[in-house]
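Let me begin by presenting the structure, written as structure tokens, before commenting on it.
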Amino acid sequence: MICEKRNFLDLFKTVKPVLAMIHLKGDSREEKLEIAKREIDQLIDNGMDAVIIENYFGNPDDVEEVLKYIYQERKHIIYGVNVLEDDKRAFELAIKYEAKFIQIDSVAGHLNIEEDKKFHDFIIQMREQTNAFVLGGVRFKYQPYLSGRSLEEDLKIGMSRCDGIVVTGEGTGLETDLEKIQVFRTIIGKDFPLVVGAGLTAENSGTQLSIADGAIIGSFLKDTYKDDGNVSVKHVNHFMESLQKLRDQTERKTILS
Numbered sequence: 025m026i027c028e029k030r031n032f033l034d035l036f037k038t039v040k041p042v043l044a045m046i047h048l049k050g051d052s053r054e055e056k057l058e059i060a061k062r063e064i065d066q067l068i069d070n071g072m073d074a075v076i077i078e079n080y081f082g083n084p085d086d087v088e089e090v091l092k093y094i095y096q097e098r099k100h101i102i103y104g105v106n107v108l109e110d111d112k113r114a115f116e117l118a119i120k121y122e123a124k125f126i127q128i129d130s131v132a133g134h135l136n137i138e139e140d141k142k143f144h145d146f147i148i149q150m151r152e153q154t155n156a157f158v159l160g161g162v163r164f165k166y167q168p169y170l171s172g173r174s175l176e177e178d179l180k181i182g183m184s185r186c187d188g189i190v191v192t193g194e195g196t197g198l199e200t201d202l203e204k205i206q207v208f209r210t211i212i213g214k215d216f217p218l219v220v221g222a223g224l225t226a227e228n229s230g231t232q233l234s235i236a237d238g239a240i241i242g243s244f245l246k247d248t249y250k251d252d253g254n255v256s257v258k259h260v261n262h263f264m265e266s267l268q269k270l271r272d273q274t275e276r277k278t279i280l281s
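Quick note, in my numbering, the sequence shown goes up one by one and the last residue is 281.
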């Protein structure tokens, strides 16, 4: 029997958690796994709160290989999965390897009304089978807008299908507009988790995470600041120094309130 879900943010011991993306770079499955192992160490050991295994440069089978490794060797860390263009496989892998959360690029707004009804039934059915949290995008990068509904309507529907809304700008590595983050926050309210899903940097993290509850980060942590680069521990540490200042301020405000 699936237990009642807690708040997604309860997974973490700190405020403003940051989830680092593993893009599965490499020319073969073996190389992708070795690079992923190294990146997991670099990211988690230097302060990232979780990793997301995504088939950005790989395929779903590559994702499974990395999840299998984590499940067998690094199960104590917080890890999630995003299988691009195959939400069913994402749920299946999360269940099989006990991932703590699933990221779905779009949970509302990306389908016409008829297809959206089928999608809703699918999401509800799959969520009943797992304790994994779901993070879902609305008006997400590269996703179509086909529902014909207002942003407020799609966000409200999206909230019924996931445990945290993800907001992005126009593309990978591109800064998410601060006004868009604020609009999302206003519509979903202060008690539902809001995650910035693209374009976070050490320089903009303070302003963006003063509104949002957490973030997904990838490109900024690479040596080239691009998705196809190599994880740079220097960049990770630089980001974490900036983030810690915000966390300290947030915790002080919480204590005072």
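Ideal Cβ placement from N, Cα and C applies to all residues, glycine included.
Taking a contact to require three or more Cβ pairs closer than 8 Å, the stretch 266-279 and the stretch 247-256 do not qualify as touching. Non-local C-beta neighbours of Asp73 in its own chain, meaning closer than 6 Å and more than five positions away in sequence, comprise Phe36, Pro41, Val42, ordered along the chain. Below 8 Å, enough C-beta pairs join the stretch 99-114 and the stretch 84-91 to call them touching: three or more. Lys141 has its alpha-carbon roughly 31 Å from the corresponding atom of Ile241. Shown here for Phe32: same chain residues with a beta carbon closer than 6 Å to its own, the five before and five after excluded, namely Phe157, Asp187, Gly188, Pro217 in chain order. The shortest C-alpha to C-alpha distance from Gln127 to any of Ala118, Thr196, Glu139, Ile235 is the one to Ala118. One alpha carbon belongs to Gly160, the other to Ile181, and they sit about 11 Å apart. Excluding sequence positions up to five before and after Gly197, its CB lies within less than 8 Å of the CB of Ala222, Gly223, Gly242, Ser243, Phe244, Tyr249, Lys250, Asp251, all in the same chain and listed in chain order. Per DSSP, the continuous beta strand (DSSP E) segment holding Gln127 begins and ends at 125-132.
For Val87, the enclosing alpha helix (DSSP H) has its first and last residue at 84-97. Between Asp129 and Phe81, the C-beta gap is not smaller than 8 Å, which leaves the two residues out of contact. The continuous beta strand (DSSP E) containing Tyr103 extends over residues 103-106. Inclusion of Ala239 and Ile205 in the CB contact set at 8 Å is not warranted, their separation being larger than that value.
Collapsing the DSSP output to three states places Leu135 in coil.
Around the beta carbon of His134, 16 or more other beta carbons lie within 10 angstroms, which makes this residue buried. Taking C-beta atoms as the reference points, Ser171 and Ala132 count as a pair closer than 8 Å. The bridge partners DSSP lists for Met45 are Ile76. In the displayed model, Phe244 falls within a helix according to three-state DSSP.
Remark: C-beta atoms of Thr231 and Leu202 approach each other more closely than 8 Å. Assigned with DSSP and collapsed to three states, Phe146 falls in helix. The straight-line gap separating the alpha-carbon atoms of Asn228 and Gln66 is approximately 22 Å.
Under the DSSP definition of a beta bridge, Leu67 lacks any partner.
Your pair Ile101 and Ile76 does not check out as a contact, with CB atoms roughly 12 Å apart and the cut at 8 Å. Relative to the Cα of Arg113, the nearest Cα in the group Lys99, Arg98, Phe146 belongs to Phe146.
At a cut-off of 4 residues, the continuous stretches assigned as alpha helix (DSSP H) that sit fully inside the stretch 156-243 are 175-183, 202-212, 229-232.
Around the beta-carbon of Glu139, fewer than 16 other beta-carbon atoms lie within 10 Å, marking it exposed.
Between Leu48 and Asn79, the gap from beta carbon to beta carbon is short of 8 Å.
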